[in-house]
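Chains as they are written, first to last, in the working numbering: chain A, -1 to 267; chain B, 602 to 676; chain C, 602 to 676; chain D, 507 to 1260.
Where a beta carbon is used, it is the ideal one built from N, C-alpha and C, also for glycine.
Data first, discussion second: the structure below is written as structure tokens.
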Amino acid sequence: MEEGIPMNRQIKVAVLTMEGTNNEVEAYLSFKHSGTSPEIVHLKKLENKSKRLEDYDILFFPGGFSGGDYVRAGAIMAARLRSTLLKDLEKLVEIGKPVMGSCNGFQVLVELGLIPNVGGEYGIEAALAPNISNRFEARTVYLKINKGNCLFLRDFSDGEVVKLPIAHSEGRFVTRDSDILKGIISNGMNVISYSDEMGRLQGYPWNPNGSEQNIAGLCNKEGNVLGIMPHPERVFYYVTESDWTRTEKREGMGSRFFSSAVSFVREKF
Amino acid sequence: MVELRITVTFKKTVEDSEGSSVLKALRLLGYENVTDVRTGKVYFITLSKGNRKTAKDFCEKLLANPVINECVVDE
Amino acid sequence: MVELRITVTFKKTVEDSEGSSVLKALRLLGYENVTDVRTGKVYFITLSKGNRKTAKDFCEKLLANPVINECVVDE
Amino acid sequence: MSDPNFSKEIPIVTMSSTQLNEVSREMNLGLSTDEMSRIKSYFEKEGRNPTDVEMQAIAQAWSEHCSYKSSKIHLKKYIFGIGKEKVVAEGDAGLVALDDETAISFKIESHNHPSAIEPYGGAATGVGGILRDILSMGAQPIAVTDVLYFGTKRIEGFPSPRFIETGVISGIRDYGNRVGIPTVSGGIVYSDFFSPNVLVNVGCVGVVRKDRIRSSAISEPGIQLILAGGKTGRDGIHGVNMASAEMKKGKEDITTVQLGSPIIKEPLIHAVLEANERGLIYALKDLGGGGLSSVVGEMLESGGMGGIIHLDSVPLKESSMKPWEIWISESQERMLLAVRRENVDKVLGIMDDWDITAALIGESQNGKRLQIFFRGKKVLDLGTEFMTSPILYERPYSKLDKKVVQFLPKQPSDFSKLLLSMLSDKNIRTREYAVRQYDHTVRGSTVIGPFSGIVGREGPTDASVIRPDWSKKTGVAITHGSNPFYSHADPYRGGMAAVDETVRNLISVGAEPLGFSDCLNAGNPEKPEIMGEFISMLQGLHDSAFSLNIPFVSGNVSFYNETGRKRIPTFPTILGVGKVKDIEKSITPDFKKVGSSIYMVGVPTTDLGGSLYFRHLKRDGGRVPYSDPRVLKRRGWNLLEAIGERAVSALHDVSDGGIAISVSEMTVGSSIGASIDLSPLGLRADFALFSEPQSSWIVEVRKESEEKFLEILGEDAVLIGYTQENSFTVKAGEGRVMDVGIDKILSRWKKGYQ
Ligand SMILES: Nc1ncnc2c1ncn2[C@@H]1O[C@H](COP(=O)(O)OP(=O)(O)O)[C@@H](O)[C@H]1O
Ligand SMILES: [Mg+2]
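This is the structure in structure tokens:
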């Protein structure tokens, strides 16, 4: 396994979808424009075994409103996955394949217990509660990167402040108890935090939803599962960043999440 | 036929942001005697057969996240 | 102190898409005995003084839309 | 007939006109005596009485909403036919070309009546409906837009304006966000004009490869009809009749209220587009007003076909529906797909992959008759032509020759105070309280959204730009124009001004205007003065668009926005789309640099009718500013050239509140101030600052680009100042007019949001 994927073999990415997930297109395109071979995979196809998770190198849970976000954001999708595919998912995570969820995808990962997983037993340790402002917030936020061993952040530098769009009404990260929160911090799993433009952690509106410790994104201990509330896949090119007309031409902030995952897979699998 | 009423609320320790904004709105409407509002979701579920015990399963498997929610099945 | 429980649901004639989604999810989870799900919102409102009659006002002024909702105040 | 669900015969052949009118009323048909008599003579010739299904079907097709019977004659005269060579196709939405491969499909439509009754569901299903129109052309929706007009006063017997506003905004949010199409442009106007007749105009823009554009016409026999998406229920029966009458106080029939289900629509969009991409769709159309009845009739009639339908195959929400109810139900989230026989299984397979309910319900046949069966019996047998050709009305109209009273206001004593109060005016201040609840970045293609500038202190933009294809540099610009205040004072000039604003906004982001869609809002067309205004408005639209040679490719008419003595002005909301050749050259209004020059392109006016300034002075009267399309064209297209040469750093049009508000808004997102001298503009300070001349812009030009800029713009550009730090300073020669800190401008403009 150590020798990596030869350049002539395409990296296969599954972008998981069901009714209501709706960021699959930009996620698909972000992977495609990163040189991989992505596929939009309907949950149904996995449930009826016409597709298998193990055939993919990277798994991505896009944002949106899976199942309408009725009940609770991500709840319906997580419940369906839990009842049929949990074991396969855990296996994928354990062999170290990159798994990422943004926005609704983050909510699903948390509901599945794949993240934060401080206890190591995939119990439900956290939730994404309704924003303190009690409204949907669509805007760009500043984020501070604390990369740790998170494979999706390889192409960032530590302490860097980046800007990404958010669009959610249930993004307030809360933990089951203070031990979980301590575990997250001591393991350096809180890799992305809401901040001001200088990288200082501040309250609303900088922290758009009231997350504990300003947590915007979270990696598991092993560094291969990332859940993030903002949307890297929507700013793959710099021209979709909200303030691009004030900046110089360069790569999009979001693209680095994808290039990081791709270089990781090329080296490790 | 069994009819269940399941109520899912936020735990007391979790800030209920909708509750807070309803409280604010009611006070703005002049109801100064309102001191607290908590919100929840209610599900009326009809089963063709089976019993009330399933309700607990529904809570665990779908309707509530134990980190933030409480789930009450009405008698 | 008065404690009110107000439940707001959709009228029977109005389609409840959240209910339909939950129904579908529960069936996919293997609960084939579930035949119907309707959803609603519940508000637990505490008043420092005053009486239950205000609850009707709350429904009318804020919590429910008479065209699509039913509002029930529990005793 | 003993089966209560079965169809009934209606014995009209022997009825007097009084009796006919009674039938129309009892069955909720909304048909006039003339129309009823026409039906009677049709059935006399057929030698039998109609069924209830037939009566209901005809009433749907002949409603104002479906048939445009009061407006068609005038639309033909003034609107259709302009810039024909630029129209790629027309149907539920219209299309213009973006490039050799791709076309843009777009439309704006009203959902006024439903939103007035149940704002949340009305607005939500408005978004759902307009998405379906775009999908009907085979196009991928890329943006949703909403222009909203709210009342300011509570009217006895109607919900409060606040209730309506919250409901409408939440409805658009919950539907748009859930289907995953960004809501990127729109507007909100507050005025007493709209209490209680709230207006909700929603638009949608999509893109489609030219070889995948579908029409709705079926012109061969044996084409199979598949109904896909939501199930059919009793919800939304007689919606079109409601939209074709004045609103009355009190409760409406509950069956017309629907909330919509974005969670069915979202996969339906994917599934339909997948089937279309694979070339499996022959024709398609969405189910909107009139339900199956309208759609089947129109698809067959437009291709000269007849057909057969089996109502028993329609998937139902409730099993006890009567055949006429199934036939005219307006249940949401449904599409009718016409498919060749050999592709039926493939299409049903795709629907199943996306978990969509779909059923084969009938097919086309030679001969121009439609036949419908229910439980083995024929319940409808009509000529398609008769059904789809209502009486067209040329309603009487009268044009009031309103005398314009010009009015010379006193100069304001404190310009700063006036500016600050205008900035926090309900019609000027930021719309973030609404728009930030709409997801405007989903699909990852939003190059310019509703706001731009420094993160955390963004200001407004004039148009949004979407990049439909990540592999290309081309962008689609989207915006609106409307001004009910102008239209109230002068429907003709108001119409022209709406076109002017639309074009200005498109130019402002660097887009070449390609096409318009018009949503026409008015009161009761049976009143001659309203018809008179309607025609004046159309003349205004015509005169501008004809001169610019830009087509109206789609649109909609909403009459009867009238209650008791209250009615809305007769005015258009225009949705405009444009092409940005290179998205990296698109422009935003926020100033970019201290020390650049500020130019005005255009000249202030003394016509202040309908302006924000007059509204602040509580003045009626005054002439509405005139838009000269030739001037608009010259200035606008020259600006495009300058943008192409990268000679423009920031650009914002002059609109409500004049250059005072425009420059203020340019400081918001940039944290850069401005120093302006009014003397080159020639007029009194208040006219110079607050008048709303048409075809005008404020431009930031860097020193190094000035020569190039002036070479292109010539005398249309007037140097009025430069960008500076901290404040917005205005003088007139030696005289100081005002000096306002930009942070104060920011906080006033953000009032109620931050
Ligand atoms: N109801 C709405 N829905 C979506 N976008 C909106 C809405 N209202 C305003 N916007 C967007 O917000 C921005 C600022 O709006 P506004 O201040 O009304 O602009 P303008 O002064 O150019 O008419 C524009 O980009 C506009 O398209
Ligand atoms: Mg503008």
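The Cβ of residue 192 (chain A) sits no closer than 9 angstroms to any Cβ of chain D. In the displayed model, residue 535 (chain D) falls within coil according to three-state DSSP, outside both helix and strand.
The beta-bridge partner set that DSSP reports for residue 142 (chain A) consists of A:159, A:191.
Scanning its chain for C-beta atoms nearer than 6 angstroms, with the 5 sequence neighbours on each side dropped, one finds around residue 20 (chain A) the residues 62, in chain order. Contact of residue 639 (chain B) with chain C is assigned, a C-beta pair being separated by under 9 angstroms. At a cut-off of 9 angstroms, the C-beta of residue 666 (chain C) has a neighbouring C-beta in chain D.
For residue 572 (chain D), the enclosing alpha helix (DSSP H) covers residues 570 to 573. Under the three-state reduction of DSSP, residue 1234 (chain D) is assigned to strand. Interface flag for residue 525 (chain D) against chain A is unset, since no Cβ pair is found closer than 9 angstroms. Taking C-beta separations shorter than 6 angstroms and ignoring five residues to either side along the sequence, the partners of residue 604 (chain C) in its chain run 647, following chain order.
The three-state reading of DSSP puts residue 560 (chain D) in helix, counting H, G and I together.
Rounded to the nearest angstrom, the gap between the Cα atoms of residue 601 (chain D) and residue 602 (chain B) is 54 angstroms. By DSSP's assignment, residue 1019 (chain D) forms a beta bridge with D:1084.
If you ignore the 5 residues before and after residue 1140 (chain D), its C-beta comes within less than 8 angstroms of the C-beta of 1222, all in its own chain and listed in chain order.
Note on the segment 936 to 972 of chain D: whole alpha helix (DSSP H) runs with a minimum of 4 residues are 938 to 941, in chain order.
With the criterion set as a beta carbon lying under 7 angstroms from some beta carbon of chain C, the segment 1106 to 1117 of chain D has no members that meet it.
Under the three-state reduction of DSSP output, residue 233 (chain A) falls in the coil class, being neither helix nor strand. Contact residues of the segment 2 to 27 of chain A toward chain D are 17, 18, 20, 21, 23, 24, 27 (C-beta to C-beta distance below 7 angstroms). Secondary structure note for residue 1051 (chain D): it is in no beta strand (DSSP E), and the uninterrupted alpha helix (DSSP H) holding it is 1034 to 1054.
Where residue 858 (chain D) is concerned, there is no enclosing beta strand (DSSP E), although the alpha helix (DSSP H) around it starts and stops at 850 to 859.
The three-state reading of DSSP puts residue 121 (chain A) in coil, since its state is none of H, G, I, E or B. Contact annotation for residue 614 (chain C) against chain B: no contact, minimum CB-CB distance about 16 angstroms [criterion: below 7 angstroms].
Counting only runs of 3 or more residues that sit fully inside the segment 749 to 834 of chain D, the beta strand (DSSP E) segments are 789 to 792, 812 to 816, in chain order. The beta carbons of residue 953 (chain D) and residue 1089 (chain D) sit about 5 angstroms from each other, so the pair counts as a contact at 8 angstroms. In this model, residue 1232 (chain D) and residue 1172 (chain D) are separated by some 13 angstroms (Cα to Cα). By the neighbour-count definition (other C-beta atoms within 10 Å, threshold 16), residue 1085 (chain D) is a buried residue. DSSP places residue 987 (chain D) outside any alpha helix (DSSP H); the residue lies instead in the beta strand (DSSP E), whose first and last residues are 981 to 987. Here DSSP, grouped into helix, strand and coil, assigns residue 705 (chain D) to strand.
Rounded to whole angstroms, the separation of the alpha carbons of residue 211 (chain A) and residue 1053 (chain D) is 60 angstroms. Per DSSP, residue 8 (chain A) is not a residue of any alpha helix (DSSP H), being assigned neither H nor E. If the five residues before and after residue 1012 (chain D) are omitted, its C-beta is found closer than 7 angstroms to the C-beta atoms of 969, 983, 985, 1019, 1082, 1084, all from its own chain and listed in chain order. In this structure residue 1016 (chain D) is in contact with residue 1146 (chain D), their Cβ atoms being roughly 7 angstroms apart against a cut-off of 8 angstroms.
Contact between the segment 924 to 937 of chain D and the segment 206 to 225 of chain A is absent, with fewer than three C-beta pairs closer than 8 angstroms. Residue 622 (chain B) and residue 640 (chain B) have their C-alpha atoms roughly 10 angstroms apart.
Under DSSP, the beta-bridge partners assigned to residue 1106 (chain D) are D:1204, D:1224. Relative to the Cα of residue 645 (chain B), the nearest Cα in the group B:629, B:634, B:660 belongs to B:660.
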